[in-house]
Amino acid sequence: MLDVIVGVATFAVTLVVTPVSLVVVVPAALALGWVAMLDGRGIGRFERYRYAEVLNIDITDPHGPNRQLVEPVPVTGHRGKHLA
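Numbering (the numbering used here), first residue to last: 31 to 114.
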């Protein structure tokens, strides 16, 4: 009979501990992934600079000087009129 009690208690504790740990881990993983994506361009810039210095050549930025993180959405005068 003690086996059933210990088994149910262990299962109940597992059901509580798993979601609580995921509440901490999942947002942290999302935040770190977002930072890694933002930092990728800086790492690429550093690597191009490093290779350019080692190879003594000029490596241009493949994205261009005016590249933004998020491209703006063009706004037209007839926006939303097709919905009416």
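Glycine included, each C-beta is placed from N, C-alpha and C at the ideal position.
Small disclaimer: the values here were computed from a predicted structure and weren't measured.
What is the C-beta distance between residue i and residue j, in whole angstroms, given that I count them as a contact (C-beta under 8 Å)?
i   : j   : result
D88 : A82 : 6 Å
Using the C-alpha atoms, what's the distance from residue j back to residue i?
i   : j   : result
M31 : T44 : 20 Å
M67 : V54 : 21 Å
R71 : V36 : 53 Å
R78 : N86 : 11 Å
V39 : T48 : The sequence as given places Ala at residue 39; Val does not occur at that position. C-alpha separation (whole angstroms): 14 Å.
V34 : F41 : 10 Å
P57 : V84 : 39 Å
A61 : L52 : 14 Å
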